[in-house]
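K.L.:
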Amino acid sequence: MTADLDGPGIVDLYQELDQWQFTQEVQLVGGNEQADYVLGAYYFRENVQQLANNRFNQIFAGIIGQPFGLNDDEQDTTSWAVFGETTFHLNEQWSFTIGGRYTSDEKTANRRLLDPNTLAPIWDVDPSFDDTNFSWRAVAQYRPNDNVMLYGSYSTGYKAGGLAGTRPITPNVAFNTYEPEELSSWEVGLRSDLFDNTLRFNATYFYAIYDALQLSVLEPATFQFGVINADAIVHGLELEGVWRPTDQFQLSGNLGTTNFRYDEGSRIDPAVGVPFDTLDGKQFPDLAARLNAVFYQPTELGEFAFGGSATYSSAFARNVGNSPAIFSDEVTTLDVFAQLTSPDGRWRLKLEGKNITDEDIFLAGNAPGAAPGSWGSRYYTYGAIWSASLRLEF
Numbered sequence: 001m002t003a004d005l006d007g008p009g010i011v012d013l014y015q016e017l018d019q020w021q022f023t024q025e026v027q028l029v030g031g032n033e034q035a036d037y038v039l040g041a042y043y044f045r046e047n048v049q050q051l052a053n054n055r056f057n058q059i060f061a062g063i064i065g066q067p068f069g070l071n072d073d074e075q076d077t078t079s080w081a082v083f084g085e086t087t088f089h090l091n092e093q094w095s096f097t098i099g100g101r102y103t104s105d106e107k108t109a110n111r112r113l114l115d116p117n118t119l120a121p122i123w124d125v126d127p128s129f130d131d132t133n134f135s136w137r138a139v140a141q142y143r144p145n146d147n148v149m150l151y152g153s154y155s156t157g158y159k160a161g162g163l164a165g166t167r168p169i170t171p172n173v174a175f176n177t178y179e180p181e182e183l184s185s186w187e188v189g190l191r192s193d194l195f196d197n198t199l200r201f202n203a204t205y206f207y208a209i210y211d212a213l214q215l216s217v218l219e220p221a222t223f224q225f226g227v228i229n230a231d232a233i234v235h236g237l238e239l240e241g242v243w244r245p246t247d248q249f250q251l252s253g254n255l256g257t258t259n260f261r262y263d264e265g266s267r268i269d270p271a272v273g274v275p276f277d278t279l280d281g282k283q284f285p286d287l288a289a290r291l292n293a294v295f296y297q298p299t300e301l302g303e304f305a306f307g308g309s310a311t312y313s314s315a316f317a318r319n320v321g322n323s324p325a326i327f328s329d330e331v332t333t334l335d336v337f338a339q340l341t342s343p344d345g346r347w348r349l350k351l352e353g354k355n356i357t358d359e360d361i362f363l364a365g366n367a368p369g370a371a372p373g374s375w376g377s378r379y380y381t382y383g384a385i386w387s388a389s390l391r392l393e394f
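The sequence shown begins at 1 in our numbering and counts up one residue at a time.
Structure (structure tokens):
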């Protein structure tokens, strides 16, 4: 792998991966005028074996070591759950839903670091992790008429904990585990079709508390990614709508606001050396929005349509440490199109332009540090693209 495009590689990655899994889920669904229900069971089994030998060139060899060694990892995961949910139809206006899920997770591993020359074990450990959880949710729905529905819900969630990432370089790292992630979430919302079904408008407000949110961070001491936990709160508003006043015009859009913060007293990010509660959340823009407009015009050749869309995102951090090198600036992109569809729908000619203002659209990146001026790698998507296409159906 090379980042400077001049030929010499920064790191050679030799990895062999063998993965097997089996998943099965069964459900029993039924109901009547008074209630609907679903009962089910879930089973998951996975085995992963990985042999990895990573070698760094002279730039990093003095910092990280040349080589790490040969990592031989095998991990087994077994997970099963039983769940059920019932919706009671109290009358034509009110309904109430209650449900729960019991989950059991078990993970075991064998991790060895071998001498790359003699294949003799440098160390050999057998970490393990197991946990159980019961999550539930309750939802109340109210329909004042056939076109409007209001609801409120409370739910809990669970994401299993686990073992440290693969390719550990010390036995202490190999024994590392991360905690289960748990969520408590409140939500209220509106779903509506208004003005003789020419306008659809939906609104949702959510408030969620994360206990031991799982975060992927770069450990400076080992130059490896690991998973750690921090508590956090996120809340926001989501709006979406579609307006079609005539058969020839449609306007649609959505808008989302997000407020994310770590709880005071959360642990220190090892990649930055500062408390989490001083950092922004990863990939949580304060505001994101999209607006679409389409015009339709029937002709003798078929239906002609043209339109465009605008998409906006405010600035946000791309990694947990808020590294400036890979911070995403706010960006607005514009797309346009024009198309002609035959009367029988068998062919369609389309001309379109994406990101016509040629904005830099930053997708992802890596950065080991958060200090101003620290290095990082950035990955971008396309610039402006213009295209023509013809679709035929036989």
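Even glycine gets a Cβ: it sits at the ideal position worked out from N, Cα and C.
Model, not experiment: these values are computed from the prediction.
1. Please report the straight-line C-alpha distance between Pro67 and Val173, rounded to a whole angstrom.
2. Could you check which residue in Thr246, Leu239 and Ala164 has the C-alpha nearest to that of Val227?
3. Please classify Val48: does DSSP put it in a helix, a strand, or coil?
4. In angstroms, rounded to a whole number, what distance separates the CA positions of Ala81 and Glu33?
5. Quick check on Leu213: buried or exposed, where buried means 16 or more other Cβ atoms within 10 Å of its Cβ?
6. Only counting the same chain, and skipping five residues up and downstream in sequence, which positions put a Cβ closer than 6 Å to that of Pro242?
7. Looking at the secondary structure, which residues open and close the alpha helix (DSSP H) in which Asn172 lies?
8. Using CA coordinates, which residue listed in Thr132, Phe249, Gly152 and Glu74 is at the minimum distance from Arg112?
9. Thr357 by DSSP, collapsed to three states: which one?
10. Assuming Ala324 is part of the beta strand (DSSP E), what are its boundary residues?
11. Would you kindly report the start and end of the unbroken beta strand (DSSP E) that includes Tyr158?
12. Once the 5 residues before and after Glu132 are set aside, which same chain residues still bring their CB inside 6 Å of it?
13. Take the Cβ of Phe394 as the centre, count every other Cβ of all protein chains shown within 10 Å, and call the residue buried at 16 or more, exposed below.
14. Is the separation between the beta-carbon of Gly308 and that of Ala293 shorter than 8 Å?
15. Among residues of its own chain, excluding the 5 on either side of Gly62, which ones have a beta-carbon nearer than 8 Å to its beta-carbon?
16. So, helix, strand or coil for Phe284, using DSSP?
17. Does the stretch 143 to 162 come close enough to the stretch 186 to 203 to have 3 or more Cβ pairs within less than 8 Å?
18. Going by alpha carbons, who is nearest to Arg378 out of Asp280, Leu190, Gly100 and Asn319?
19. Answer with buried or exposed for Val29, where buried requires no fewer than 16 other C-beta atoms within 10 angstroms of its C-beta.
20. For the beta strand (DSSP E) containing Gln250, name the first residue and the last one.
21. So what does Asn71 bridge to, in DSSP terms?
22. Would you kindly work out how many angstroms separate the C-alpha atoms of Tyr364 and Phe276, rounded to a whole number?
23. Do you know whose CA, among Asn71, Gln283, Asp358 and Glu359, lies nearest Leu215's CA?
24. Return the chain-ordered list of same chain residues with a C-beta closer than 7 Å to the C-beta of Gly65, the five sequence neighbours on each side being excluded.
25. Could you tell me if Pro245 is buried or exposed, where buried requires 16 or more neighbouring beta carbons within 10 angstroms of its beta carbon?
26. Identify which residue in Thr198, Leu183, Glu25 and Asn71 has its Cα closest to the Cα of Ala52.
27. Leaving out five residues before and five after Tyr312 in sequence, what residues of the same chain have Cβ atoms less than 6 Å from its Cβ?
28. Would a check of beta-carbon distances place Asn229 closer than 8 Å to chain B?
29. Does DSSP put Asp105 in a helix, a strand or coil?
30. For the structure I just gave you, are there three or more beta carbon pairs, one from the stretch 17 to 26 and one from the stretch 38 to 46, closer than 8 Å?
31. Confirm, please, whether the CB-CB distance from Glu330 to Ala315 is below 8 Å.
32. Mind reading off the beta-carbon distance from Gly161 to Arg137? Whole number of angstroms is fine, and I expect it under 8 Å.
33. Would you mind sorting Asn259 into buried or exposed? The rule is 16 or more other CB atoms within 10 Å of its CB.
34. Mind checking which residues open and close the beta strand (DSSP E) that includes Pro121?
35. Rank Gln50, Val38, Pro171 and Ala35 by C-alpha distance to the C-alpha of Asp18 and give the top, closest one.
P.N.:
Checking against the coordinates, here is how it stands:
1. Note on Pro67: pLDDT 46, under 50, position unreliable in the model; no value is reported.
2. Ala164
3. strand
4. 29 Å
5. buried
6. Reading off the sequence, residue 242 comes out as Val, not Pro. Within the same chain, Val242 has close Cβ partners Arg200 and Ser252.
7. Pro171 to Ala174
8. Glu74
9. coil
10. Here residue 324 is Pro; the residue named in the question, Ala, does not match the sequence. Unbroken run through Pro324: none, as it is neither H nor E.
11. Val148 to Lys159
12. Checking the sequence, you will find Thr at residue 132 rather than Glu. Taken in chain order, the residues that qualify are Ser104.
13. exposed
14. yes
15. Note that Gly62 scores 47 on pLDDT, short of 50, meaning its location in the model is unreliable; the coordinates nonetheless yield the value given after this. Same-chain partners within the cutoff: there are none.
16. coil
17. yes
18. Asn319
19. exposed
20. Phe249 to Tyr262
21. Ala52 and Leu113
22. Sequence inspection shows Ala at residue 364; the Tyr mentioned does not correspond to that position. Taking the straight line from one Cα to the other gives about 21 Å.
23. Gln283
24. Only weak support exists for where Gly65 lies, its pLDDT of 47 falling under 50; the coordinates are left without a value.
25. exposed
26. Asn71
27. Ala289 and Thr332
28. Given the protein chain composition of this structure (a single chain), no chain B is represented.
29. strand
30. yes
31. yes
32. Actually they are not in contact, since the Cβ atoms of Gly161 and Arg137 sit about 21 Å apart, beyond 8 Å.
33. exposed
34. Pro121 to Val125
35. Gln50
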